[in-house]
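This note's numbering applies: residue 239 is where the sequence shown begins, and numbers increase by one. Worksheet for the structure shown next.
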Amino acid sequence: MNNKNASKSVVSKSETYEPHRDRFSFGNLGTAHNDLKLQVIQGIYNAEEWGAWSDGRKSVFVIEVDKPYPLGGRLLINVVPAINTNLKNDKRTVKVAVDGNNTNIFKFSSPTKSTIEVNFEEKDPGSQIFVGINHIKPLKFSDITDSTDTRSVSLGLLSVELVDGSGPIQIQSVTGAYERESDGVNWWHWVEQKVTFELRPQIGSKKATRTKLQFEYGIRGKHILTLNMIKRDGSVKKFLLKGRGTSFAKNGAMFKKTINIPPDELLGFSIETDGKATPLSKRDTRLAAWIIRNVNIVPVIR
239 MNNKNASKSV
249 VSKSETYEPH
259 RDRFSFGNLG
269 TAHNDLKLQV
279 IQGIYNAEEW
289 GAWSDGRKSV
299 FVIEVDKPYP
309 LGGRLLINVV
319 PAINTNLKND
329 KRTVKVAVDG
339 NNTNIFKFSS
349 PTKSTIEVNF
359 EEKDPGSQIF
369 VGINHIKPLK
379 FSDITDSTDT
389 RSVSLGLLSV
399 ELVDGSGPIQ
409 IQSVTGAYER
419 ESDGVNWWHW
429 VEQKVTFELR
439 PQIGSKKATR
449 TKLQFEYGIR
459 GKHILTLNMI
469 KRDGSVKKFL
479 LKGRGTSFAK
489 NGAMFKKTIN
499 IPPDELLGFS
509 IETDGKATPL
519 SKRDTRLAAW
529 IIRNVNIVPV
539 IR
């Protein structure tokens, strides 16, 4: 990207890692694409094309697990409010429990799709995930609209997704760098001085005791980079990085290290140069001192 007007920006997680999600759709149209097996126990009306309405004050379903989740994972329930009332005054909330332990109390803040997110613990193939949704103050269509539909509903269930907690740790935001660029295989950020990667809070399995960080970098000139691994308690672990050149085939450098910080204690990391930034070229006048490429962070069990 040779754009002299390109600016330093914040990069959302969707522009970095998007882990695979096994999925189940509650709608009739989505059943052919389901990765998960799900059994409804109670409190969910028959499927319609778009999804299914909740029924009454409690909905319960079971997900059959057919592969290992050694560090647990995240359960995502994609929903819509059943009736689009004034959301500021809407008293409808739902309490979601997974396996009777991990819970999340959710209140609608959007008249359209929302996602309820709850962690689940380690699972082996052949096990199950039990999901219970308690609906606080469900409403009847007939009480709020001109409809004759007397079903007691709280939300519409669109789909359920499972995200494996042993996959790459997601980058939640990137600050201080220019916009992300990619050639379809590699992705990178040019950096003027300092870049900060904030990580999505990792699922709290105590089995992951260390974190593996890997990235490529190139330095324009002779200077040193300082890597700061930032823990959630505010403490910092430092590393000094040396290198020269930004031609990765010839003289680009690789940082690859397993660090003695559990992923659930790691807030993120920053990298800062002690050198001076210069324009990338005559046409691209962005000031940059170095480049970072293909960041990958994974939890380590042993």
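From the three backbone atoms N, C-alpha and C, an ideal C-beta is built for every residue, glycine too. The structure displayed is predicted, hence computed values, not measured ones.
Starting from the C-beta of residue i, find all residues in its chain whose C-beta is less than 7 Å away, skip the five residues before and the five after it, and write them out in chain order.
i           : result
residue 340 : 356, 357 and 358
residue 266 : 285, 286 and 287
residue 508 : 432, 433, 434, 466 and 468
residue 494 : 452
residue 277 : 299 and 300
Looking only at its chain, what residues have a beta carbon closer than 8 Å to the beta carbon of residue i, apart from the 5 residues adjacent to it on each side?
i           : result
residue 251 : Its pLDDT being 38, under 50, residue 251 is placed unreliably in this model, and the value from its coordinates should be taken loosely. Taken in chain order, the residues that qualify are 408, 409, 410, 411 and 438.
residue 279 : 298, 299 and 300
residue 380 : 386, 387 and 388
residue 366 : 300, 301, 302 and 303
Once DSSP output is grouped into helix, strand and coil, what is the label at residue i?
i           : result
residue 365 : coil
residue 554 : This structure gives no information on residue 554, because the portion of the chain shown stretches from 239 to 540.
residue 424 : coil
residue 260 : strand
residue 339 : coil
residue 380 : helix
residue 430 : strand
Let's test the definition: count the other Cβ atoms within 10 Å of the Cβ of residue i and tell me whether it reaches 16, buried, or not, exposed.
i           : result
residue 361 : buried
residue 373 : buried
residue 392 : buried
residue 303 : buried
residue 478 : exposed
residue 420 : exposed
residue 317 : buried
residue 512 : exposed
residue 474 : exposed
residue 292 : buried
residue 325 : Per-residue confidence for residue 325 stands at a pLDDT of 47, beneath the threshold of 50, marking its modelled position as unreliable; no derived number is given.
residue 401 : buried
residue 537 : buried
residue 289 : buried
residue 472 : exposed
residue 364 : exposed
Please confirm whether residue i and residue j have their CB atoms less than 8 Å apart.
i           : j           : result
residue 397 : residue 261 : yes
residue 463 : residue 457 : yes
residue 425 : residue 532 : yes
residue 467 : residue 525 : no
residue 557 : residue 490 : Residue 557 falls outside the range modelled here, since the chain spans only 239 to 540, and no answer is possible.
residue 430 : residue 515 : yes
residue 452 : residue 534 : yes
residue 530 : residue 449 : no
residue 315 : residue 353 : yes
residue 344 : residue 319 : no
residue 306 : residue 445 : no
residue 506 : residue 417 : no
Would residue i count as contacting chain B if we go by Cβ distances under 8 Å?
i           : result
residue 479 : Any reference to chain B falls outside this structure, which holds one protein chain only.
Excluding five sequence neighbours on each side, which residues of the same chain lie with their C-beta closer than 6 Å to the C-beta of residue i?
i           : result
residue 294 : 281 and 390
residue 273 : 260 and 261
residue 371 : 297, 332 and 334
residue 337 : 368
residue 378 : 388 and 390
residue 518 : 524 and 526
- Task: Only counting runs of 3 or more residues, tell me where the beta strand (DSSP E) segments fall wholly within the region 270 to 336, in order along the chain.
- Result: 275 to 280, 296 to 302, 311 to 319 and 331 to 336
- Tell me the start and end of each unbroken beta strand (DSSP E) in the region 491 to 535 that is at least 3 residues and wholly inside, in chain order. 491 to 497 and 504 to 511
- Query: Of all the beta strand (DSSP E) runs that stay within the bounds of the region 439 to 481, which reach a length of 3 or more residues?
  - Reply: 448 to 457, 463 to 469 and 474 to 479
- Query: Along the chain, which unbroken stretches of the beta strand (DSSP E) at least 3 residues long are found entirely within the region 381 to 413?
  - Reply: 393 to 402
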